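Residue numbers (my numbering), protein chains in the order written: chain A, 22 to 639; chain B, 35 to 240; chain C, 658 to 764.
The beta carbon of each residue, even a glycine, is placed where N, CA and C say it ideally should be.
What you are looking at is a predicted structure, and each value in this text was computed from that prediction instead of being measured.
A short write-up of the structure that comes next.
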């Protein structure tokens, strides 16, 4: 590991990525894996839409439709949206707070590999006995009595990737609490860092409920426990509660970082500081707090009783208040700004109305009495796609395009980005706007076919056409990525004329991020230096040795062990040997880790002085 | 600097929080315990929802024997105190005494685990109260078993720390590790306090 | 360095004294925890009315846990603001979970 940029062969690069503990490289790993699963989930979505292009279609079988539908939801939430959010958090948060890495670089790598192997495990199911088919919510008792091993793959695969997510969450909380640069007080943190912080806190308190739920499901299916088997005294509502105690905070885990992205993009391209910064922070915290008290609005029709339903309905509608604060703050930031319509900004402008529609249907669904009508219809499908695609996915793409120069040192083609936006955005509204009406007409979600002459044919056709637009947009984006990286034209450290700390260092940043710890003098530190100083961040310490963590292959092995063990637990019998081998690999890796001191290494002052640049973090 | 990490002299007052790595571990572990709280709450909630679902199997007040539970409780509470003693000696930079008290903690932990295994064995063979007997039995074994698994993991953790550092003193590198292991051990005790109250005592009361 | 040794020694002495003081508190805490446990088991064995016993043993458990957190786990010392915040957030989520699962499970 030398301080200078090196050209490495394929093998060396691969090994570097398998063992890396550098948050920037782990961010790239998350990005690549997340995009892979996003495309996979997108293909599954296309299969669903093609099947529903006309009444009584027989493009795919009913069983396969159930599998595709389940895997589309599971993949998109756990294997695409989550890792893409972690990709942005890894790439950006340490840079925004002026840290040299995350708090636990080793655990960061472990978190990625656990997620990755969990995702691979889920998708291995396609080739072994069939994929999970009980819906992404895996409601009991359907999930208990589902045949084959599909749901076992669901339970164990999500368990493994859930551990990874939990670790990632803790890692970012500690990073933000302990590793902010001098002067970076909590109320000077960029909004993306704030939302990453709050989302990580939500991960910490929401994922354990899923962990327990998945364990109970696993024990029921594989070891004869009776949690969800009513004939043995079990209660299926327990699963619903545990799933949604996790599941509702989960949607805030997804949307809050997207809010954070827009809160970075809008001020940058309106050339104004964010309107109402402190109310934005307050709204974020309030959403998180309320987000824990609304889960039962997914269960209005279960029959929890009018009192419980009313409490959860009121709490649900209350969330519209902080969300509204955010929407207005973005609008007021735009007001009077000198707006540049770059592609991230266009995504932000597309997001605001789209998400507002999703929010309004959310309030509609939140009124318990009306929900009995909407429940399990395409109205719900339309609602959550408006908030998740219209909110999270637009946010992720805005973030990926916005921080692409910081991650890779190149600039995606703006023209193609705009084309991508319009294809995707128009396609999205074509696909999902009509689904509101399909739902209100009574088309239930998750059905394999619909009958003709019920007034559903035309809207379903439009919906499918829209899906093809979205697919075309995504392909265009991938083409853009390939072309941009092939050309490899380098850009400066601050190509957007932006405001926050990450743009004060070169693109991509050196592996130690900041040569000297930066001194932060206020909100939007780089902008302060641009307007009041010489445009360069002042160092907070003299040039000195930098302590860096060692690379390690252990996280990969730990995750691989659990992956192997999962198959043993699932197939049992003579396959128990796999569980023994797998757990032995994991336990052995953990012992190896604790018995070998890992003190890291130092980059010496003399080597840093040789580095290019004027030593000013610029 | 790397050498300083492994030096055992002139330790500051809180060696576990003297370095950034130490502070990170300290914070991260506390946050993890916050998450564990929700994990056990989910298990407790499940248990409370299913505690009367005995179907044809035995009910709580038919099988629980308070003498054994009392003994287990006292053993685990005592082990919590002994791990405090270990941390006391760690802060005084006295590795031998720390190891000794950690050894006592481990011994008590093993005794607890042994009694728990005996208890489960007794239920299964004496009362035909197996894991699959009823929803209640599944919930009981899962909740108490999760706690037992935490005890077992904690024992493995403390033992490997003791072995790894048997021949060297306390330094800024290993002090945070000992400290968070002891936090973990206290947390196990915290959970047990609720288990003996909610599961055993309330199960006996009815 | 040589000049520092004396003051360092004094500091060490001071710390040791302080640790000893803390240790006394810990032993006292332990005695109270044992007492609480005895009371809790005693109430149940004596067969006092459940209406009285259940709230009392739950409160005893809660107090005992606070002892663990604040004394044994040192949450009463400085530098524990964030841990306290996260533990209490965890307790908040935990209470909601237990409350929901023990009341609204549609029996």
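DSSP places residue 465/A within a strand segment (E or B) once states are collapsed to three. Interface with chain A (8 Å Cβ-Cβ cutoff): residue 747/C is included. Of the candidates 216/B, 123/B, 182/B, 155/B, the residue whose Cα lies closest to the Cα of residue 47/B is 123/B. Judged by DSSP secondary structure, residue 106/B falls within the alpha helix (DSSP H) whose first and last residues are 100 to 125. The beta carbon of residue 725/C sits closer than 8 Å to some beta carbon of chain B. Identification of residues in the stretch 74 to 98 of chain B having a C-beta nearer than 9 Å to some C-beta of chain A yields 74, 75, 76, 77, 79, 80, 83, 84, 86, 87, 88, 89, 91, given in sequence order.
For a Cβ distance threshold of 8 Å, residue set 744, 747, 748, 750, 751 of chain C lies close to residue 71/B, ordered along the chain. Only residues of its own chain outside the window of five on either side were considered, and among them 364, 367, 368, 371 have a CB closer than 7 Å to the CB of residue 442/A, listed in chain order.
Annotation for residue 214/B: no beta strand (DSSP E) segment contains it, though the alpha helix (DSSP H) segment containing it runs 209 to 228.
In the structure shown, the three-state DSSP call for residue 252/A is helix. Within the stretch 387 to 411 of chain A, the complete alpha helix (DSSP H) segments of 4 residues or longer fall at 389 to 395, 399 to 408, listed in chain order. Boundaries of the beta strand (DSSP E) harbouring residue 567/A: 567 to 569, taken from the DSSP string. Our two residues, residue 258/A and residue 241/A, have alpha carbons roughly 14 Å apart in a direct line.
In the same chain as residue 524/A, and ignoring 5 residues on each side of it, the C-beta atoms closer than 8 Å to its own belong to 427, 514, 515, 517, 547, in chain order. For residue 740/C, the nearest CB of chain B lies under 8 Å from its own CB, placing it at the interface with that chain.
With 16 or more other CB atoms across the displayed protein chains lying within 10 angstroms of its CB, residue 261/A is buried.
Sequence-distant partners of residue 298/A (beyond 5 residues in either direction) whose C-beta falls short of 7 Å from its own C-beta, in its chain, are 544. Under the Cβ criterion of 8 Å, residue 248/A is counted among the residues facing chain B.
Proximity of chain A to residue 54/B at the Cβ level (cut-off 9 Å) is accounted for by 124, 199, 200, 568, in chain order.
Per DSSP, reduced to three states, the secondary structure at residue 157/B is helical. Here DSSP, grouped into helix, strand and coil, assigns residue 113/A to helix. Each of 550/A, 529/A, 626/A, 404/A was checked against the Cα of residue 567/A, and the nearest Cα belongs to 626/A. Excluding the 5 residues flanking it on each side, residue 717/C has same chain C-beta neighbours closer than 7 Å at 693, 696, 697, in chain order.
DSSP places residue 623/A inside the beta strand (DSSP E), whose first and last residues are 622 to 624. Counting C-beta pairs with one atom in each stretch, the stretch 143 to 150 of chain A and the stretch 555 to 563 of chain A have fewer than three that are closer than 8 Å, which means they do not touch. Not one beta carbon of chain C lies nearer than 8 Å to the beta carbon of residue 133/B. Against chain C, the beta carbon of residue 118/A has no neighbour under 9 Å; the closest one sits roughly 15 Å away. If you ignore the 5 residues before and after residue 164/A, its C-beta comes within less than 7 Å of the C-beta of 155, 172, 238, all in its own chain and listed in chain order. Taken atom to atom, the span from the alpha-carbon of residue 264/A to that of residue 45/B is near 47 Å. Spanning the alpha carbons of residue 403/A and residue 396/A requires a straight line of approximately 12 Å. Residue pairing for residue 511/A: DSSP places it in a beta bridge opposite 431/A.
As DSSP reads the structure, residue 539/A sits in a beta bridge with 560/A.
Assignment of residue 81/A by DSSP, reduced to helix, strand and coil, places it in the coil class.
Secondary structure at residue 42/B: coil, using DSSP grouped into helix, strand and coil.
Membership of residue 184/B in the alpha helix (DSSP H) is indicated by the continuous run 169 to 198. When the beta-carbon positions are compared, residue 384/A and residue 314/A stay at least 8 Å from each other.
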